[in-house]
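Data block below; observations after.
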Amino acid sequence: MMQTALTVSTALLWIAVLALGAICLALVRQVGILYERIMPAGALMIDKGPAVGAIAPTFELSDIRGQNVKVGGIDAQGKATLLFFLSPTCPVCKKLLPLLPSLQSSESTPVNIVLASDGDLAEHQRFAQKQNLDRFPYVLSQELGMAYQIGKLPYAVLLDDSGKVRAKGLVNTREHLESLFEAKERGVASLQEFVHGDHRHEQHA
């Protein structure tokens with residue numbers, strides 16, 4: 243009698259375990275579907291500053307090493323330019339900076355990367371040295387930030403070789419940075435626009 247009861251209870255336990263496993267698998271699948279629906283669709287574009295498709299303002303600046311840097315206008319080498327706005331006190335900026343060299347080399351379209359900020363020169367020189375940023379022009383210009391109406395960091399703006407704004411937005415991950423190039427290739431202002439089928443800001447050459 244006890245043997246029968248033990249067998250029945252063991253069978254019921256196994257049935258419960260299998261049912262629980264099936265429920266877990268179903269939940270995992272639903273989480274995956276939910277993630278696909280709400281997953282970030284690239285850099286979040288804030289509709290301020292020069293519009294996508296507009297000619298960007300041109301600045302003749304000196305970087306923190308005293309080198310002349312031109313931001314905007316036609317690029318003589320036919321390269322796009324990624325403006326990366328940062329701050330030494332921005333944790334996300336520090337996380338993304340090591341990704342910039344590989345991003346620059348991995349893009350099919352040649353791209354210049356220019357770091358931009360404002361504030362104390364000595365502070366930024368120490369920051370650049372600590373973060374090994376010698377390979378990139380690093381400019382300090384309050385006027386540049388005001389021209390693009392930068393309010394939150396890190397923020398990036400992608401200019402094409404003719405000096406037009408092709409994509410822009412808040413960037414918190416490598417995927418956000420890459421989405422700017424993807425938006426440029428697709429001819430849309432942002433991947434949010436592409437995902438939602440809104441082409442009101444469609445770019446024109």
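Numbered according to the numbering used here, the sequence shown spans residues 243 to 447. Virtual Cβ for every residue (Gly too), placed ideally from N, Cα, C.
- Of the residues assessed, D362 falls on the exposed side of the cut-off, its CB having fewer than 16 other CB atoms within 10 angstroms.
- Of the candidates I257, E427, T249 and A298, A298 places its Cα closest to the Cα of L401.
- A distance of 8 Å or more separates the beta carbons of A409 and V381.
- Around the C-beta of P340, fewer than 16 other C-beta atoms lie within 10 Å, and the residue is accordingly described as exposed.
- Scanning L345, G314 and F378 for the CA closest to the CA of L422 turns up L345.
- Distance from the CA of K321 to the CA of H366, rounded to the nearest whole angstrom, comes to 26 Å.
- Exposed is the label assigned to N374, since fewer than 16 other Cβ atoms lie within 10 Å of its Cβ.
- Across the structure, L342 and L255 are spaced so that their CA atoms are roughly 54 Å apart.
- Inclusion of K406 and G295 in the CB contact set at 8 Å is warranted, their separation being smaller than that value.
- Contact between F378 and I355 is confirmed by a C-beta separation of about 5 Å, below the 8 Å threshold.
- At a Cβ-Cβ threshold of 8 Å, L325 and A398 count as neighbours.
- Pairing H418 with G411 gives a Cβ-Cβ distance under 8 Å.
- Per DSSP, L382 is one residue of the beta strand (DSSP E) stretching across Y380 to L382.
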